[in-house]
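Here the structure comes first, spelled out in structure tokens, and everything after it is commentary.
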Amino acid sequence: SPGNYRIKLTWKASPDPSVSRYMIYWNNAQDSLALQAPDRSVTNVSVIISNLVEYNYSFTIYSFDKAGNKSVPVQINNVKVYGDSYKTSLTNRFLVTSAPYQLDDNGITLQFERPDTINIGTEIRYTYKDGTVRQAKLGPDANSIRLADYKVGTKVYFRSSYVPVQSAIDTFYTAGFDSLSNIMVPVDKSLFKPLKLTNDVGTYSSETSLSKLWNGNKAPTGYPDIFHSDDNTPLPHHFTFDMGKQVANLAQFEIIGRDCCNNPTKFEIWGIADLTGAQTQSPADSPGWTAESNGRGWKLLKTVERSDDGSAPFKVAFPDGLPTVRYIRIRVISVASGDAYYSNISEVSFWNK
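Per this note's numbering, residue 28 is the first one in the sequence shown, and the count goes up by one each step.
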């Protein structure tokens, strides 16, 4: 049985009661080890030979009686010893590239690819919600693991272990932990508040206010569980809301349209950290609006276009390097229905990392 720079040899004990010891030779008999014969009740003899190198060995075993007579040799050939060279070939188990994790309200689920057959486990270290570091173990037969009460936004570390063969006496670990970082964290929508700045579009009724944009919808909804603009401000028009705190490293945005009509198919997402001097005076459909917005400190975070009817959840990534922002302005340029005034939305969501 191979190990880490060592080997465990096992053979049948000699039935001869006169046998008092065994001698084991390797490296063309340049190295040897003496072993006292065990009690007669023992049927198998085992010994661990350490301080070997990473190599394929052959061992010769003799039994001796007290007079020094030796037996016919027992050969154990082609015994592989493992070490650092083998360890450097090992990799931590791979996460599913397309969807490595899924956050929920109370934890995170990691998704791993199927492991190599010699993998025996993956140790996972993560930060618990109270700030303590905890450990979990993912077995080779499982491809996912849920870490309950994971502290959102913290790194998750993982390290895999292997055995070269099932009979190995040592477990081999990869060189170090890999980490899952830049985990997308949902921006807390409980802090969001509607604003009504100069030239912001109004709402169709009190039932279709901006607050409907963050009430937790997961799929397209119908009237009145939507944001529905009024018919007094033609497209392009914009609306503005407060995220409740400054948010750094915005990474993703998702919009869910109405279950029928007037869903934005082209729009811009703007952001700014402070509203001091930020209120634009130009209507959103005027040629000078973009230049004025830039001049007042607004940053265009993303221009979004979609080719469908605008209803289904639609997620986009923000470019890296965006400034920290608190206030969001969405400028709707066109809607799927072609209407000149109305825009309808069921939900918007943001993630940062």
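The C-beta atom is built at its ideal place from N, Cα and C for all residues, glycine as well.
With a 10 Å radius around the Cβ and a threshold of 16 neighbouring Cβ atoms, residue 227 comes out buried. A distance below 8 Å separates the beta carbons of residue 275 and residue 351. Rounded to whole angstroms, residue 293 and residue 240 show a C-alpha spacing of 17 Å. Fully enclosed beta strand (DSSP E) runs of no fewer than 3 residues occupy 146 to 154, 160 to 165 and 171 to 175 of the region 137 to 176, in order along the chain. The DSSP-derived three-state label of residue 178 is coil. Here residue 334 is exposed: its Cβ has fewer than 16 other Cβ atoms, across all protein chains shown, within 10 Å.
Residue range 371 to 379 is occupied by the beta strand (DSSP E) that includes residue 371. When the beta-carbon positions are compared, residue 291 and residue 372 come within less than 8 Å of each other. For residue 114, the enclosing alpha helix (DSSP H) begins and ends at 111 to 115. Between the region 180 to 198 and the region 109 to 120, the count of Cβ pairs shorter than 8 Å is three or higher; the stretches touch.
The continuous alpha helix (DSSP H) containing residue 322 extends over residues 316 to 322. The beta carbon of residue 83 lies closer than 6 Å to those of 105 and 107 in the same chain, with the five residues before and after it left out. Note that the region 137 to 156 touches the region 164 to 177; at least 3 beta-carbon pairs, one per stretch, sit closer than 8 Å.
Judged by beta-carbon spacing, residue 369 lies beyond the 8 Å limit of residue 375, meaning their Cβ atoms are not closer than that value. Take the alpha-carbon of residue 310 and the one of residue 295: they are about 15 Å apart. Cβ-Cβ distances below 6 Å link residue 89 to 50, 97, 98 and 100 in the same chain, with the five nearest sequence neighbours on each side left out; the list follows chain order.
If only uninterrupted beta strand (DSSP E) runs of at least 3 residues are considered, those enclosed by the region 278 to 321 are 291 to 299. For residue 253, there is no enclosing beta strand (DSSP E), as DSSP gives it neither H nor E.
Looking at the backbone, the Cα of residue 263 and that of residue 314 are separated by about 11 Å. Taking C-alpha positions only, residue 225 is separated from residue 321 by approximately 16 Å. Residue 288 and residue 364 have their C-alpha atoms roughly 6 Å apart. Here residue 303 is exposed, its C-beta having fewer than 16 other C-beta atoms within 10 Å. In this structure the region 336 to 349 does not lie against the region 251 to 258, because fewer than three pairs of beta carbons, one per stretch, are closer than 8 Å.
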